[in-house]
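Have a look at the structure below before the remarks.
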Amino acid sequence: MGKSSSILVMLALIVSFGSCAQKRPITHDPVVAKQGDTYYLFCTGPGITSFTSKDLKNWTQEDPVFAESPEWALDVAPGFNGHIWAPDISFHNGTYYLYYSISAFGKNTSAIGLVTNATLNPDDANYKWEDQGIVIQSVPNRDLWNAIDPNLIFDESGIPWLAFGSFWNGLKMVKMNANLKEVAQPEEWHTIARRDRDAGLADDDPGNAALEGPFIFKKDDYYYQFLSWDFCCRGEDSTYKLMVGRSKSVMGPYLDKDGKRLDEGGGSMVIEGNKNWYGVGHNSVFTFDGKDYNFMHGYDASDNGLPKLIVKEVNWEGGWPVVAPME
Numbered sequence: 050m051g052k053s054s055s056i057l058v059m060l061a062l063i064v065s066f067g068s069c070a071q072k073r074p075i076t077h078d079p080v081v082a083k084q085g086d087t088y089y090l091f092c093t094g095p096g097i098t099s100f101t102s103k104d105l106k107n108w109t110q111e112d113p114v115f116a117e118s119p120e121w122a123l124d125v126a127p128g129f130n131g132h133i134w135a136p137d138i139s140f141h142n143g144t145y146y147l148y149y150s151i152s153a154f155g156k157n158t159s160a161i162g163l164v165t166n167a168t169l170n171p172d173d174a175n176y177k178w179e180d181q182g183i184v185i186q187s188v189p190n191r192d193l194w195n196a197i198d199p200n201l202i203f204d205e206s207g208i209p210w211l212a213f214g215s216f217w218n219g220l221k222m223v224k225m226n227a228n229l230k231e232v233a234q235p236e237e238w239h240t241i242a243r244r245d246r247d248a249g250l251a252d253d254d255p256g257n258a259a260l261e262g263p264f265i266f267k268k269d270d271y272y273y274q275f276l277s278w279d280f281c282c283r284g285e286d287s288t289y290k291l292m293v294g295r296s297k298s299v300m301g302p303y304l305d306k307d308g309k310r311l312d313e314g315g316g317s318m319v320i321e322g323n324k325n326w327y328g329v330g331h332n333s334v335f336t337f338d339g340k341d342y343n344f345m346h347g348y349d350a351s352d353n354g355l356p357k358l359i360v361k362e363v364n365w366e367g368g369w370p371v372v373a374p375m376e
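In terms of the working numbering, the sequence shown opens at residue 50 and continues consecutively.
In structure tokens form, the structure reads like this:
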């Protein structure tokens, strides 16, 4: 489904905070990388919003990745206003790969793009984001999937796969070329999560099978697929919650704690909102200095439902991820 027009108002407020350190910056769909002693956070926002931190607690807003929107954005999503969604950051063979989404809310006029850099440090002489263009595109009335919310994962053989998607007929995974810029040939696609969609809907209707934002994390013998159910971006009406399933193969099938397949509607709860947080979700999981961390956003009931960054350490109990509930 993606993000609503309410995000535009919410994220525009980021500018008003300036560069002062923030404990819970306004954030949607966070991903994080660490270079040297600095954490770099990228999230939905104008040009891909970014923050830095030394301790995962105090965050300072930095310049966006894109000073100007990608040249192709308006061709994919007419009316595109510069807000780029749901980035995904990886470091591979000396290069940072930052996938991102261009879309219109409630439509699968969408594309996943890729921008690369040799470093995340803007003071480095080699710092330069270079757009690699469109990686995957979805087209209304052709595709029953939506090309947003990308996540790159390498399997045990070193083969790259890109997970992505929202609403429609579920979340997808496709094999990538070794250069990480194109879908591998012959194409190999898998549905990795799905919920029931009302019958009889037009192909360009996202429907009510509310799921999005896959993130695949390898831990010991399993690949864990984190994904978000229900609705984001609605302030106090947000119902986002974070679910999980696992598989010994990156391609699935992913099973929840009860053994139900995620591509048949399964999913085990990781965390949900409460009276203080209307909904929480769209996460990423990374290991830093021997600890696993879950980064997500939640809608703050004490601040008009604004989306705020949430960072929680992940523990593992019986082979399943556990995070502290929202306070």
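Positions of the beta carbon are idealized from the N, C-alpha and C atoms, including for glycine.
Checklist line | For P356 and G207, the rounded distance between their alpha carbons | finding: Within the sequence shown, residue 207 is the residue found at index 158, counting from 1. Within the sequence shown, residue 356 is the residue found at index 307, counting from 1. About 35 angstroms.
Check: Can you name the start and end residues of the beta strand (DSSP E) that A82 belongs to?
Finding: For the purposes of this step, residue 82 is taken as the residue at position 33 of the sequence shown. Membership of A82 in the beta strand (DSSP E) is indicated by the continuous run V80 to Q84.
Notebook entry, point to check: When DSSP labels each residue in this structure, what does G162 get in the three-state scheme?
Noted result: Residue 162 sits at position 113 when you count from the first residue of the sequence shown. Strand, per DSSP.
Next item on the list: Under 6 angstroms Cβ to Cβ from S317, same chain only, skipping five residues before and after it: list those, please.
Entry: Counted from its first residue, the sequence shown places residue 317 at position 268. Excluding residues within five positions, the ones whose Cβ falls inside 6 angstroms are V293, D305 and K306.
Item checked: Closest residue to Q71 among L163, W217 and D104 (Cα-Cα distance) -> As a first step, residue 71 is located in the sequence shown; it is residue number 22 there, counting from the start. Checking every option, the nearest Cα to that of Q71 belongs to D104.
Note to self: I'd like to know whether the C-beta atoms of L291 and P263 end up nearer to each other than 8 angstroms.
What the structure shows: Translated into the one-based positions of the sequence shown, residue 291 becomes position 242. Translated into the one-based positions of the sequence shown, residue 263 becomes position 214. It is not a contact, given that the beta carbons lie outside the stated cut-off.
Notebook entry, point to check: How many angstroms separate the CA atom of A82 from the CA atom of W194?
Noted result: In the sequence shown, residue 82 corresponds to position 33, counting from 1. In the sequence shown, residue 194 corresponds to position 145, counting from 1. In this structure, the CA atom of A82 is about 28 angstroms from the CA atom of W194.
Next item on the list: Specify the secondary structure class of S187 as computed by DSSP and reduced to three states.
Entry: Stepping through the sequence shown from its first residue, residue 187 is reached at position 138. Three-state DSSP puts S187 in a strand.
Next item on the list: Excluding the 5 residues preceding and the 5 following D180 in the sequence, name in chain order all residues of the same chain whose CB lies nearer than 6 angstroms to its CB.
Entry: Here the question's residue 180 lines up with position 131 in the sequence shown. If you ignore the 5 residues before and after D180, its C-beta comes within less than 6 angstroms of the C-beta of P119 and V164, all in its own chain and listed in chain order.
Check: Terminal residues of the continuous beta strand (DSSP E) containing V360?
Finding: For the purposes of this step, residue 360 is taken as residue 311 along the sequence shown, with counting starting at 1. From DSSP, the beta strand (DSSP E) with V360 extends over L355 to E366.
Check: If you run the structure through DSSP and keep just helix, strand and coil, what is S287?
Finding: As a first step, residue 287 is located in the sequence shown; it is residue number 238 there, counting from the start. In the structure shown, S287 sits in coil (DSSP, three-state: anything other than H, G, I, E or B).
Note to self: Taking the straight line between their C-alpha atoms, what separation do you get for W108 and N325?
What the structure shows: What you label residue 108 is simply residue 59 of the sequence shown in a count that begins at 1. What you label residue 325 is simply residue 276 of the sequence shown in a count that begins at 1. Rounded to whole angstroms, W108 to N325 spans 22 angstroms at the Cα level.
Notebook entry, point to check: Whose C-alpha, out of D137, V329, Y303 and S152, is nearest the C-alpha of P189?
Noted result: For the purposes of this step, residue 189 is taken as residue 140 along the sequence shown, with counting starting at 1. It is S152.
Next item on the list: Taking only the alpha-carbon atoms, compute the straight-line gap between H346 and D173 and give it to the nearest angstrom.
Entry: Sequence index remark: in the sequence shown, residue 346 carries index 297 (1-based). Sequence index remark: in the sequence shown, residue 173 carries index 124 (1-based). Linking H346 to D173 through their CA atoms gives a straight-line distance of about 30 angstroms.
Next item on the list: In angstroms with no decimal places, state the Cα-to-Cα distance between I320 and F344.
Entry: The count along the sequence shown starts at 1 and reaches residue 320 at position 271. The count along the sequence shown starts at 1 and reaches residue 344 at position 295. Their Cα atoms are separated by approximately 12 angstroms.
Check: Any idea what DSSP makes of V114, helix, strand or coil?
Finding: For this step, residue 114 is matched to residue 65 along the sequence shown. DSSP places V114 in coil when its eight states are reduced to three.
Check: Bridge partners of A212, per DSSP?
Finding: By 1-based counting over the sequence shown, the position of residue 212 is 163. For A212, which the question treats as bridged, DSSP gives the partners N200 and M222.
Check: From K106 to A135, what does the alpha carbon distance come to, in whole angstroms?
Finding: Here residue 106 is taken as the residue at index 57 of the sequence shown, counted from 1. Here residue 135 is taken as the residue at index 86 of the sequence shown, counted from 1. Rounded to the nearest angstrom, the two C-alpha atoms are 21 angstroms apart.
Note to self: I need the DSSP call for A70, collapsed to helix, strand or coil.
What the structure shows: Sequence index remark: in the sequence shown, residue 70 carries index 21 (1-based). DSSP places A70 in coil when its eight states are reduced to three.
Next item on the list: Kindly give me the distance between the Cβ atoms of G162 and Y149, rounded to whole angstroms, as I take these residues to be in contact under 8 angstroms.
Entry: Within the sequence shown, residue 162 is the residue found at index 113, counting from 1. Within the sequence shown, residue 149 is the residue found at index 100, counting from 1. Right, the Cβ-Cβ distance comes to about 5 angstroms (below 8 angstroms), so this counts as a contact.
Checklist line | Reference T101, options W365, G85 and P95, closest by Cα | finding: Residue numbering aside, residue 101 sits at position 52 when the sequence shown is read from its first letter. Distances from the alpha-carbon of T101 to those of W365, G85 and P95 put G85 closest.
Note to self: Let's test the definition: count the other Cβ atoms within 10 Å of the Cβ of W210 and tell me whether it reaches 16, buried, or not, exposed.
What the structure shows: As a working note, residue 210 is residue 161 in the sequence shown. Answer is buried; the Cβ neighbour count reaches 16.
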